[in-house]
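These notes are about the structure you will find just below.
This is the structure:
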């Protein structure tokens, strides 16, 4: 079945769905409304939407099909007149199935049963433990104890998963014959464990670090100052609040092409996805700031090289974690964890691309914070632009398939706006020290400044050359 292009709007009493279904028979259109669920079927098109509140199909509802334009316009009555339906422009969120009532990894517990005579036998979770204690009391309180042996990880394949929620394998089987310049794992990309990928990433960053390049950009920073003065068009408004983004036709079409998936991420996985989002937005911020929002043929390389989840298949977290709870566990996530998440992005920003400047990297962090403060729609627009840049590359499109396709859908259907805004506030106040990078940036900058102060001024040199010699 084909999902038609569609859009949703609303007024005080109705929700209006406009679906493009060319060359169909109006008599074959089937419409079904059940509480928040709406479905449309007319061969070969099928559309199912899950609205944020209840709708009705009553006498006030209507369906009008225009054969010339191919558009079917359906008007559905709101159960509660005057209620505002949020996020009608987030198409992937509307396409998402209703949330499952059964939690992930749910267990079944038998509370009571009956014996052969029909008597009810009540079972309590602590019965086994209580019986063990009674047996121990009858045997001089000797409870058998053993140290359990850790079970080895069950591996049925040499391939190690990667990508969004570690759901992908097989995308780098033939990487040795492809011109993937940013792949830092080589032909072992499919088989390296997460810890081995991290070792490879760190080793590659060290090999690419060039102190002289960094010192040169620090000494001659006129071009970088121009980049710092530029303002991203998505951040043109002065108010750091969720913006009223209106998606273009191209962006709506891109959203409709996203995979139709439901994500059952654990609290730990959800927490890590928000951390990974920071690294994606950082790479996007660097490229847009250095190209002034006009992507170049090098943009795909720059983005992929600055993103550890792409170049080394090594997403956050980059520090040990405890058990997480909730959408994003701000109580457990100290600012140092967010700093450690962005440190690899800083390292790569001063080791790989053309402009290697600490102040430029820090400006990108500030951009990330502002994107987040403007909420879901601005973040989604950034990710869609990031995805479009990679999709246009004949090799790096693979990173859209294993990361950004799912991420763009997850942002719409699962990420919470208040979480993004709060995360943006924390990142805006984040302070990352130069010493945490692992390279002696302070010494290098001091060396450049000392050299500048020791050079005589050009006018002084001219005067000195005009003085007569005493010899």
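In our numbering, the protein residues as written are 25 to 495. All C-beta atoms, glycine included, are put in the ideal place defined by N, C-alpha and C. Because the structure is a prediction, the values reported are computed rather than measured.
Quick check: the segment 240-252 against the segment 294-310, are there 3 or more CB pairs under 8 Å? no
What's the gap between the Cα of residue 467 and the Cα of residue 457? Here residue 467 refers to the residue found at position 443 when the chain shown is read from its first residue. Here residue 457 refers to the residue found at position 433 when the chain shown is read from its first residue. One C-alpha to the other measures close to 14 Å.
Opening and closing residue of the alpha helix (DSSP H) in which residue 432 lies: One-based indexing of the chain shown puts residue 432 at position 408. It spans 429-437 - the alpha helix (DSSP H) in which residue 432 sits, taken as one unbroken run.
Residue from 109, 51 and 26 whose Cα sits closest to the Cα of residue 33: Walking along the chain shown from the start, residue 33 turns up at place 9. Nearest of 109, 51 and 26 to residue 33, Cα basis: 109.
So residue 89 is in the alpha helix (DSSP H); what residue range does that whole segment cover? Start at 1 with the first residue of the chain shown, and residue 89 comes out as number 65. Careful: residue 89 lies outside any alpha helix (DSSP H), inside the beta strand (DSSP E) at 86-90.
Contact set for residue 40: own chain, Cβ-Cβ below 6 Å, skip 5 residues either direction: Translated into positions along the chain shown, residue 40 becomes position 16. These residues qualify, in order along the chain: 33 and 99.
Alpha-carbon to alpha-carbon, residue 53 and residue 62: As a position in the chain shown, residue 62 is number 38, starting the count at 1. As a position in the chain shown, residue 53 is number 29, starting the count at 1. Roughly 13 Å separates the two Cα atoms.
Closer than 7 Å by C-beta to residue 423: which residues in its own chain qualify, once you throw out the five before and the five after it? Chain order, please. Numbered from 1 along the chain shown, position 399 holds the residue referred to as residue 423. Excluding positions up to five away in sequence, the list reads 328, 334 and 414.
Minimum C-alpha distance to residue 26 - residue among 65, 89 and 374: For the purposes of this step, residue 26 is taken as the residue at position 2 of the chain shown. Ranking the options by Cα distance to residue 26, first place goes to 65.
Taking the continuous beta strand (DSSP E) assigned at residue 74, which residues delimit it? In the chain shown, the residue the question calls residue 74 occupies position 50. First-last of the beta strand (DSSP E) with residue 74: 69-74.
Beta carbon of residue 434, beta carbon of residue 288: below 8 Å? Working through the chain shown from its first residue, we reach residue 434 at position 410. Working through the chain shown from its first residue, we reach residue 288 at position 264. No, the Cβ-Cβ distance between residue 434 and residue 288 is not below 8 Å.
Buried or exposed: which applies to residue 126, given that a residue is buried once 16 or more other Cβ atoms fall within 10 Å of its Cβ? By one-based count along the chain shown, residue 126 stands at place 102. For residue 126, the predicted structure reports a pLDDT of 48, less than 50, and the residue's modelled location is therefore unreliable. The matter cannot be settled from this model.
Leaving out five residues on either side along the sequence, give the residues of the same chain with a beta carbon under 7 Å from the beta carbon of residue 101. Walking along the chain shown from the start, residue 101 turns up at place 77. Result list for residue 101: 37, 38, 79, 80, 82, 84 and 85, in chain order.
Using a Cβ-Cβ cut-off of 8 Å (strictly less than) and excluding sequence neighbours within five positions of residue 225, which residues of its own chain qualify? The sequence position of residue 225 within the chain shown is 201, counting from 1. Here the set comprises 208, 332, 335, 336, 338 and 368.
Give the list of continuous alpha helix (DSSP H) stretches no shorter than 4 residues that lie fully inside the segment 410-476. 429-437 and 441-452
In the DSSP assignment, what residue or residues form a beta bridge with residue 66? As a first step, residue 66 is located in the chain shown; it is residue number 42 there, counting from the start. In DSSP, residue 66 forms a bridge with 69.
Give a yes or no on whether the C-beta atoms belonging to residue 432 and residue 313 are separated by under 8 Å. For the purposes of this step, residue 432 is identified with residue 408 of the chain shown, where counting begins at 1. For the purposes of this step, residue 313 is identified with residue 289 of the chain shown, where counting begins at 1. No. Outside cutoff.
If you draw a straight line from the alpha carbon of residue 106 to that of residue 448, how long is it in whole angstroms? Position 82 of the chain shown, counted from the first residue, corresponds to residue 106. Position 424 of the chain shown, counted from the first residue, corresponds to residue 448. Roughly 32 Å between the two C-alpha positions.
Answer yes or no: do residue 343 and residue 390 have a C-beta to C-beta separation smaller than 8 Å? Taking the chain shown and counting its residues from 1, one reaches residue 343 at position 319. Taking the chain shown and counting its residues from 1, one reaches residue 390 at position 366. Contact: no.
At least three beta-carbon pairs within less than 8 Å, the segment 404-418 to the segment 471-479: no
Based on the DSSP secondary-structure assignment, which residues constitute the bridge partners of residue 367? Start at 1 with the first residue of the chain shown, and residue 367 comes out as number 343. The partner list for residue 367 (beta bridge, DSSP) is empty, contrary to what the question assumes.
So who's on the other strand from residue 79, going by DSSP bridges? Position 55 of the chain shown, counting from 1, holds the residue named residue 79. Bridge partners of residue 79: 102.
Locate the beta strand (DSSP E) running through residue 107, then write down its first and last residues. Stepping through the chain shown from its first residue, residue 107 is reached at position 83. Premise fails: residue 107 is in no beta strand (DSSP E) and is neither H nor E.
In whole angstroms, what separates the C-alpha of residue 257 from that of residue 444? In the chain shown, the residue the question calls residue 257 occupies position 233. In the chain shown, the residue the question calls residue 444 occupies position 420. Their backbone Cα atoms lie some 20 Å apart in a straight line.
Whole-angstrom distance between residue 326 and residue 311, CA atom to CA atom: Indexing the chain shown from 1 puts residue 311 at position 287. Indexing the chain shown from 1 puts residue 326 at position 302. One C-alpha to the other measures close to 7 Å.
Using the Cβ count rule (16 or more neighbours within 10 Å means buried), how would you classify residue 436? Start at 1 with the first residue of the chain shown, and residue 436 comes out as number 412. With 16 or more other Cβ atoms within 10 Å, it is buried.
Residues in the same chain with beta-carbon distance under 8 Å from residue 87, minus the five sequence neighbours each way, listed in chain order, please. As a first step, residue 87 is located in the chain shown; it is residue number 63 there, counting from the start. For residue 87, where only same-chain residues beyond five positions count, the Cβ hits under 8 Å are 53, 55, 96, 97, 98 and 99.
Exposed unless 16 or more other CB atoms sit within 10 angstroms - verdict on residue 295: Position 271 of the chain shown holds residue 295. Buried, because 16 or more other Cβ atoms sit within 10 Å of the Cβ of residue 295.
Proximity to residue 252 [Cα-Cα], best of 184, 222 and 309: As a working mapping, residue 252 is identified with position 228 in the chain shown. For the residues 184, 222 and 309, the minimum Cα distance to residue 252 belongs to 309.
Taking only the alpha-carbon atoms, compute the straight-line gap between residue 73 and residue 223 and give it to the nearest angstrom. By 1-based counting over the chain shown, the position of residue 73 is 49. By 1-based counting over the chain shown, the position of residue 223 is 199. Cα-Cα distance, rounded: 45 Å.
What is the DSSP secondary structure of residue 281, counted as helix, strand or coil? Locating residue 281 in the chain shown gives position 257, counting from the first residue. In the structure shown, residue 281 sits in coil (DSSP, three-state: anything other than H, G, I, E or B).
Give the DSSP bridge partners of residue 33, in chain order. Translated into positions along the chain shown, residue 33 becomes position 9. DSSP output for residue 33 lists 40 as bridge partner(s).
Which of the three DSSP states is assigned to residue 28 in this structure? By one-based count along the chain shown, residue 28 stands at place 4. Correct three-state label for residue 28: coil.
Residue 259 and residue 394 closer than 8 Å at C-beta: Within the chain shown, numbered from 1, the residue matching residue 259 stands at position 235. Within the chain shown, numbered from 1, the residue matching residue 394 stands at position 370. Result yes, Cβ atoms of residue 259 and residue 394 sit closer than 8 Å.
Restricting to Cα atoms, I'd like to know which of 386, 409 and 117 is closest to residue 248. As a position in the chain shown, residue 248 is number 224, starting the count at 1. The shortest C-alpha separation from residue 248 is found at 386.
Would you tell me roughly how many angstroms separate the C-alpha atoms of residue 351 and residue 399, rounded to the nearest one? Position 327 of the chain shown, counting from 1, holds the residue named residue 351. Position 375 of the chain shown, counting from 1, holds the residue named residue 399. Distance between the alpha carbons of residue 351 and residue 399: 15 Å.
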